[in-house]
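In what follows, a structure is listed as structure tokens, so that the remarks can point back to it.
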Amino acid sequence: MSFASLLAEYTTRPNIWDEMCVQDEIRNHYQVFFDSLSQVSPAELSRKDELAKKLFMSQGVTFTVYNDGEGIEKIFPFDIIPRIITATEWQHIEAGIKQRIKALNIFLKDIYHDQFIIKDGVIPPSLVHSCPNFLREMVNVDVPFNIYTHISGIDLIRDSDGSFYVLEDNLRTPSGVSYMLENRNMTYRVFPGLVPRNNVRSVKDYPDLLLKNLLAISNRQKSQPTVVLLTPGIYNSAYFEHTTLARLMGIELVEGRDLVVDNAKVYMKTTAGLKQVDVIYRRVDDDFIDPLVFNPGSILGVSGLYYAYRKGNVAIVNAPGNGVADDKAVYPFVPDMIKYYLNEEPILKTVPTYAMENPDHFKHVFGNIAKMVIKKTNESGGYGMLMGSAATEQQVGDYKKEVEKNPRQFIAQPIISLSSVPCFINNKIQPRHVDLRPFALYGPQGIEIVPGGLTRVALREGSLVVNSSQGGGSKDTWILS
Amino acid sequence: MLSRVADAVFWMARYMERTDNILRALRTNYIASQDEIQNFDWQLWIDGLGATAQKTDVKLAYREALHHLLLNKENDTSVITNIVRARENARSVQDYVTKEVWQSMNDYYHLIRDKHTEYLLLHGDPVTAFDNLLRESTLFYGTVDITMNRGEGYTFLNIGKYIERLLRSLDILELKLKELETNDNEMVQWKYLLYSLSGYEFHTKFYRNTLTTESVLHQVISNVQFPHSVFYCLLRVERYFKNLDTISLPEHYKELEFLLGRALSNLRYGMPARPTVEGIKPLIESTRIEIKSLGQKLAGFYFGYS
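Residue numbers (my numbering), protein chains in the order written: chain A, 8 to 488; chain B, 153 to 458.
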């Protein structure tokens, strides 16, 4: 059996945008890739699949699940067939994300200072002040270059007509960028020659761009500022990413216990004594960075860190308090922010969102529950979510009670059928649903987006949940030039 | 570099060196038990390598003994435990060691967890299992040598490696001295001691005689050309320690320099002119004490232990 016959079995579902096929025709941008594969047998593909698994394992590109002391190595499932995005589509995405990040960043500056957007009646004050991630500690704190969202991961999905929607803005400590880099490394091992033949744009610049931005925000008059990456430690599921980024940027990977604050300056403990730290790229959540100010039980942070930050002696990336801007209840107001701050029309679409606080919305949502998904405003990773189409009456009833208890913590959206892409599963090419998370870097010189991103795949047939904690995998993402 | 990182690199090197030394010793003794030495006492090795708290009275047959010494995760000193610990240390400094070193460590880990390794030890040819594992170990040393930069991390890595090797040589020597108490074939025991330390061929070339207690003890303790001799290892520690001069606080450096000098002198001048089995024991004991205080100071000054 050849690849072509494998492909003939590929059937797309109605009312879903398939990224490869349109009415059994292969779209232009997938043509080169599939032509090169036309002579490859399924057995060969499955060998490639095995190779990828083996490489991930031996390179330790794994996350560890600890339950018997030693821990079990798991690889984040990887599908070998790349997801391809055209140059035009990318231009649109890039412009849209830049616009959005710019507005969100001004929003953060505004909300922690003068709050013009509230005074002008664009956003209700209750919305902001009821948000658990609004940090009063950040009010009137000036951050270097007025940048809050140095690194953001914007989750995009495609509706049945192919248009891109923003599903979520991740402005706190978005992860997954190491998989964007590793997946590309895997592709040129699995399909030698195909990346150059398809004119795929490189993602390798990411660590350099990030380091450039981190160095630039140091406050100290020094030719070589000290930049560190603060990790919660080896038990964190994203630890592999932390080590990868630290290695690629050549900066120290530190844990909270490696740092100490003295006289409002942050130092790391080295073999040669204490050394001052200028910039901290932290992968520890707001709540844990300083036990004196936030969660007093935290051992992942550093006592006094926040004071040093307010004094301007150390820069923290991303800024604390960004959670108020990626709160799911604030999300529907982002188009208004774009109009208010930038006087522009939003480039990327936003999914209609119902605030469960609003009794009319509440009624509407539970009246049409089969077409709705209800989410908690502050949860991520696909937790605490109800997919109306897949829930039993009992589940809906229980969930409704939860929502009634604290409606501010819930929003609802119509279920959007994510676009599908070909995946190699069980020796067959099958369609699976995907999203896309490009990573935007905001530095003193502006916003840059590496041409690529993390494509997450819902590996279960028909599933729309792509989160890695819920049976999701990933793919290499090709942006054509 | 970060104190925590220096500590982890130091211990990674120690666990890897420990693994290598134990594997070579066990391989040699397994072969001896199949051939020249009748009624090989595996219990002696299990007790000798094991933690006192984990002693059992059960006599294990050779395959079970091998399984216990290599693959038993409950055994605190088994080879797999050592590799897991080396890897955990490497993981916590994954950004510091090179990607190649991390991968080689990772391959080692996956090999010892491989079902085939267990099969070879329990049902197949254990020597093949030893050889496969030792190849990974050798690859690790080569990868470190070729890919790691010669900075501070490399210094601590080597200090750890040679301290560990020194202690292993003492351990294996002491085990042999114990075996000699119940076994009168001294020549055969000395031969396998040297095989365990990869030093038999060297002995025949260097001493040009049959094995004598004197020459064997000289080789294991004092011979500066023998990479497993106690004296050689300590000289290496001294050599790498000197690299720390520029980064250390002067008082810390001086204190350690003194301790190292004392340990070296103890070996240089404490070695009996005609060493005997009984006569060497005080030197072994005093060397252990010197190394222990050295290690404690190192941890206090550089690794942030207080």
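Just so you know, even glycine gets a beta-carbon here, dropped at the ideal spot from N, CA and C.
Note that the coordinates shown come from a computational prediction; the quantities given were computed from them, not determined experimentally.
Determine the extent of the alpha helix (DSSP H) in which residue i is found, giving its start and end residues.
i	result
residue 408(A)	400-412
residue 41(A)	35-44
residue 176(A)	From DSSP, residue 176(A) is part of no alpha helix (DSSP H) but of the beta strand (DSSP E) over 171-177.
residue 183(B)	155-186
residue 107(A)	94-118
residue 310(A)	That residue, residue 310(A), is in no alpha helix (DSSP H); it is neither H nor E in DSSP.
residue 272(B)	267-274
residue 253(B)	251-264
residue 307(B)	304-334
By the three-class DSSP mapping on this structure, what secondary structure does residue i have?
i	result
residue 213(B)	coil
residue 474(A)	coil
residue 12(A)	helix
residue 364(A)	coil
residue 68(A)	coil
residue 353(A)	coil
residue 145(A)	helix
residue 166(A)	coil
residue 322(A)	strand
residue 468(A)	coil
residue 401(B)	coil
residue 385(B)	helix
residue 432(B)	coil
residue 448(B)	helix
residue 294(A)	helix
What does residue i touch in chain A if you count any residue whose Cβ is under 7 Å from its own?
i	result
residue 447(B)	Under the 7 Å cutoff, chain A gives no residues; its nearest Cβ is about 15 Å from residue 447(B).
residue 153(B)	277, 278
residue 163(B)	Near residue 163(B) there are no residues of chain A at all, since even the closest Cβ is about 14 Å away, more than 7 Å.
residue 304(B)	278
residue 401(B)	280
residue 244(B)	241
Taking C-alpha atoms, which residue in the options lies nearest to residue i?
i	options	result
residue 305(B)	182(B), 418(B), 224(B), 158(B)	158(B)
residue 456(A)	135(A), 462(A), 447(A)	447(A)
residue 195(B)	219(B), 188(B), 173(B)	219(B)
residue 207(A)	413(A), 154(A), 97(A)	97(A)
residue 382(A)	365(A), 375(A), 360(A)	360(A)
residue 12(A)	303(A), 26(A), 31(A)	31(A)
residue 338(B)	364(B), 289(B), 356(B), 351(B)	364(B)
residue 231(A)	258(A), 147(A), 237(A)	258(A)
residue 265(B)	276(A), 117(A), 91(A), 64(A)	64(A)
residue 439(A)	110(A), 459(A), 241(A), 25(A)	25(A)
residue 259(B)	354(B), 290(B), 248(B)	290(B)
residue 554(A)	156(A), 162(A), 112(A), 85(A)	The structure shown does not extend to residue 554(A), since chain A is modelled only from 8 to 488, so the question has no answer here.
residue 391(B)	312(B), 430(B), 451(B)	312(B)
residue 427(A)	333(A), 441(A), 436(A)	441(A)
residue 150(A)	38(A), 67(A), 328(A)	328(A)
residue 201(B)	213(B), 234(B), 191(B), 184(B)	234(B)
At a CB-CB cut-off below 8 Å, which residues of chain A make contact with residue i?
i	result
residue 456(B)	276
Under 7 Å between beta-carbons, which chain B residues line up against residue i? List them in chain order, please.
i	result
residue 188(A)	Here the premise fails: no neighbours, minimum Cβ distance about 12 Å.
residue 261(A)	154
Tell me which residue opens and which closes the beta strand (DSSP E) that residue i is part of.
i	result
residue 430(A)	427-432
residue 447(A)	446-450
residue 215(A)	Unbroken run through residue 215(A) is the alpha helix (DSSP H), 213-223; no beta strand (DSSP E).
residue 485(A)	479-486
residue 269(A)	266-269
Are there 16 or more other CB atoms within 10 angstroms of the CB of residue i, so buried, or fewer, so exposed?
i	result
residue 130(A)	buried
residue 225(B)	exposed
residue 278(B)	buried
residue 367(A)	exposed
residue 441(B)	exposed
residue 133(A)	exposed
residue 298(A)	buried
residue 181(A)	buried
residue 305(A)	buried
residue 176(B)	buried
residue 183(A)	buried
residue 374(A)	exposed
residue 241(A)	buried
Anything in chain A within Cβ reach of residue i, meaning under 9 Å, just list it in chain order.
i	result
residue 259(B)	65
residue 451(B)	The contacting residues do not exist; residue 451(B) stays about 11 Å from chain A at best.
Please tell me whether residue i has its Cβ less than 9 Å away from any Cβ of chain E.
i	result
residue 248(B)	In the structure shown, chain E does not exist; the protein chains are A and B.
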